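Order-wise, the sequence lines are chains A and B. Read in UniProt numbering, the first sequence has 141 at position 141, and its numbers run on one by one without any break. Read in UniProt numbering, the second sequence has 319 at position 319, and its numbers run on one by one without any break. Every residue, glycine too, gets a C-beta built ideally from N, C-alpha and C. Quick caveat: nothing in here was measured; it's all calculated off a predicted structure.
Number of protein chains: 2
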Amino acid sequence: MVKLTDVARAAGVGYGTASRALSGKGPVGGDARTRVLEAARSLGYTTDATARALRERRTRSVGLIVPDMTNEFYTASAEVLQEVLRAAGHHLLVATTGNHPGREQEALQEMAARRVDGVVHVPSGATAIQPSPVPVVELNRYSGRNVPAVVSDDYNGVKELTQLAIDAGHTDIAAIVGPDAYSTSRDRLAGFRAAAQQAGFDENAATGRRLRVVSTDFTAEGGARAMRTLLADPPQAILPLSSRLVMGVLRTTREAGISVPDDLALAGYGDPDWFEIWGSGITTFAPPLAEMGAQAAKLLLDLINGDQPAPAVHRIPGVLRIRGTLGKGTPAKHSD
Amino acid sequence: MVKLTDVARAAGVGYGTASRALSGKGPVGGDARTRVLEAARSLGYTTDATARALRERRTRSVGLIVPDMTNEFYTASAEVLQEVLRAAGHHLLVATTGNHPGREQEALQEMAARRVDGVVHVPSGATAIQPSPVPVVELNRYSGRNVPAVVSDDYNGVKELTQLAIDAGHTDIAAIVGPDAYSTSRDRLAGFRAAAQQAGFDENAATGRRLRVVSTDFTAEGGARAMRTLLADPPQAILPLSSRLVMGVLRTTREAGISVPDDLALAGYGDPDWFEIWGSGITTFAPPLAEMGAQAAKLLLDLINGDQPAPAVHRIPGVLRIRGTLGKGTPAKHSD
DNA sequence: TGCAACGACGCAAACGAAGGCAGGCAAACG
DNA sequence: CGTTTGCCTGCCTTCGTTTGCGTCGTTGCA
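Below is the structure:
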């Protein structure tokens, strides 16, 4: 691997001069500059990022810690996050946790050991995670630690979505949510409850309007299981509040021969591209994944540059996609 | 940030001893060892990976270069790739190219500059990419350069898939493929042609059995466009040979009010989870994405360890998923 | 023509860890 | 009791880059 001293020797200058010529900082004669540049080009010199990182005390890299890389919910944000960071000269070090607090802690330590300039982190709910010595921005979920977070405005999104189901005339609505440990579960559930209770729904159907909540894990299998238990006394409308839960619910209805929306209305969460072409189209709340990624990147860059943004939860509004799965009574407003 | 000399001072030993105690290499007294370990623990010492990388001339990190992070086709491999590499003590540096040869070249250089120990690369078809000074394994596609590659056995997979369509009784079959620059397009197309021609299909329907091929780009929009042009003279069966092309085709048939499989039989490629629950289930060839990721990781680890595997294309067999979209004539064999 | 000032450039130190080398001390053996 | 052996240990150097400092030469102004 050709190094700076090789370039300097080839150009007939000291290595300090070569360094300055390459980096563009500090005064260097036009003649020497062109000789250095030419030598570097012809030798195929590329500056050693490990040595530079040691000297400069920064790596121009940031860590991304997500539960897994196959979930569009994370990768859609990650894609634009990566784009924004790359434009700012940073590269991405990725680790997955599978939602295990142990691996999450491990990943955080590994990132710190590698001296990344910052970390974007989808936190599990674990409270035992130790504070990181590098700037951290939370994405998708917030942990409650004193760290800025960028999330979707799930409370209002799911509230509106629920209102949509109510407006469609359904009087027996069930929501399926993920584990309470995740802020996403809590926010979505709160939005659901707010809309339903405001419309007079309660658990006992005292008013003739009934709401139910089933909690499971955030997987298709969890959704399928939850739906199966619901089958004993099926609601009129089901709200699986994550795209994987939607998947699970649809597997179960399919097996059970239940037609959506004819036998059961459905409104989902998330907007993977197949929602549009499934049956009559799945009505859903689409979180602003791209904007969230961009926002998280910007926040982290600010942090890296020494600015101290208030550690707050940034809730970005998403959009309702009104399609066919809520049945005939669905109003056409809000659609885009 | 606490460093080795801090630990050594706290433990009352020289920093060489501290280094040996921490790394476990070289003789160190039991007493000194425990003092060093204790000091490191209480100070929260974590060895500086940048300094270590400079000295050891390896980073314990590998680069992953993919077109984009939102495509399940890449992330499903990446997930297990990451798993295997992590188990071997390597971490992942990720770059996306958007299939731009320029950004691909740039990413390769960046990886080299960061002195990654190796690179896993989904190559675009560009021939102008310069050889990398670090070990490279190609994934999903092969470029023809002298580099080991791990791909799905698309030729045989698509050949069998096509045979399935033929066995179902369809006599007018069209395939939609991606750009010829990608090995995936060429292999899938070759498999399609092999099966069709062997069964007496040709472009002119001279034998009463007609095959058509439409080439477009590997996006849903490309698939939708291709399907729209096909609508002027619709085939009996359509084979969009990537999951995104399937998505595009289904968008068009939906808009046009064409029922799949009643009006048009379909067999796809890839197996995103929604294929199972779309309509009667999408019959498809599922490439072994997880195995490919694992295999690529193992190959790269061998390369890093100095072994020199023959630079060959490893084709891993996938599996046919026989579901409902090929229509009534579909035989039940081969299913799993 | 002399002096000052500034641009250009070489040399050296530092970033933090790892490993070679040599010295010291204790135990074991003659 | 002396010597050797071998483990333990501390110090020095190295990895490749950036940057501060000192020096030299040139130029401009009086």
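Extent of the continuous beta strand (DSSP E) to which residue i belongs
| i | result |
| --- | --- |
| A32 (chain B) | From DSSP, A32 (chain B) is part of no beta strand (DSSP E) but of the alpha helix (DSSP H) over G30 to L43. |
| L320 (chain B) | V319 to R321 |
Cross-strand partners of residue i (DSSP beta bridge)
| i | result |
| --- | --- |
| S124 (chain A) | DSSP output for S124 (chain A) lists no bridge partner at all. |
| I65 (chain A) | A:A95 and A:H121 |
| H314 (chain A) | A:V150 |
| Y269 (chain B) | B:F285 |
Rounded straight-line distance, which links the Cα of residue j to that of residue i
| i | j | result |
| --- | --- | --- |
| L239 (chain A) | D307 (chain B) | 54 Å |
| L320 (chain B) | G44 (chain B) | 52 Å |
| A286 (chain A) | A265 (chain A) | 18 Å |
| T97 (chain A) | T283 (chain B) | 33 Å |
| V28 (chain B) | E56 (chain B) | 21 Å |
| P131 (chain B) | D154 (chain B) | 26 Å |
| G200 (chain A) | R141 (chain A) | 30 Å |
| R103 (chain B) | T253 (chain A) | 45 Å |
| D68 (chain B) | T75 (chain B) | 9 Å |
| residue 357 (chain A) | V94 (chain B) | Nothing about residue 357 (chain A) can be read from this structure; chain A reaches only from 1 to 336. |
| A296 (chain A) | G191 (chain A) | 24 Å |
| V137 (chain A) | P311 (chain A) | 9 Å |
| A39 (chain B) | R20 (chain B) | 14 Å |
| S23 (chain B) | D117 (chain A) | 25 Å |
| A237 (chain B) | T70 (chain B) | 29 Å |
| P288 (chain A) | Q109 (chain A) | 30 Å |
| D217 (chain B) | V177 (chain B) | 8 Å |
| D273 (chain A) | L4 (chain B) | 51 Å |
| M322 (chain A) | S243 (chain A) | The displayed chain sequence assigns Ile, not Met, to residue 322 (chain A). Using only the alpha carbons, I get a separation of about 15 Å. |
| A224 (chain A) | V66 (chain A) | 24 Å |
| E221 (chain B) | V150 (chain A) | 31 Å |
| V13 (chain A) | T46 (chain A) | 18 Å |
| G279 (chain A) | V147 (chain A) | 42 Å |
| A126 (chain A) | L231 (chain B) | 54 Å |
| F275 (chain B) | M247 (chain A) | 11 Å |
| S143 (chain B) | H100 (chain B) | 14 Å |
| R115 (chain B) | G63 (chain A) | 17 Å |
| D167 (chain A) | D202 (chain A) | 16 Å |
| V213 (chain A) | I277 (chain B) | 24 Å |
| A8 (chain B) | P133 (chain A) | 21 Å |
| M292 (chain B) | H121 (chain B) | 12 Å |
| E160 (chain B) | V249 (chain A) | 32 Å |
| S61 (chain B) | Q197 (chain B) | 47 Å |
Residue i burial status per 10 Å Cβ neighbour count (16 or more: buried)
| i | result |
| --- | --- |
| T207 (chain A) | exposed |
| S124 (chain B) | buried |
| K25 (chain A) | exposed |
| T59 (chain B) | buried |
| E72 (chain B) | buried |
| D233 (chain A) | exposed |
| D271 (chain B) | buried |
| D31 (chain B) | exposed |
| E79 (chain A) | buried |
| N305 (chain B) | exposed |
| T162 (chain A) | buried |
| D187 (chain B) | buried |
| Q82 (chain B) | buried |
| V158 (chain B) | buried |
| T34 (chain B) | exposed |
| T17 (chain B) | buried |
Start-to-end residues for the alpha helix (DSSP H) that takes in residue i
| i | result |
| --- | --- |
| V84 (chain B) | E72 to A87 |
| S280 (chain A) | Where S280 (chain A) is concerned, there is no enclosing alpha helix (DSSP H), given that its DSSP letter is neither H nor E. |
| V7 (chain A) | L4 to A11 |
| S19 (chain A) | Y15 to S23 |
| T59 (chain B) | Neither: T59 (chain B) is in no alpha helix (DSSP H) and is coded neither H nor E. |
Heavy atom of the ligand NAP within 7 Å of residue i beta-carbon
| i | result |
| --- | --- |
| T325 (chain A) | Summarising the ligand content, the structure contains no ligands, and the ligand NAP is consequently not present. |
- Residue ranges of each alpha helix (DSSP H) run of no fewer than 4 residues wholly in the segment 193-245 of chain B, ordered along the chain? 220-230
- Message: Which complete alpha helix (DSSP H) runs does the segment 99-184 of chain B hold, if anything under 4 residues is left out?
- Response: 101-113 and 154-167
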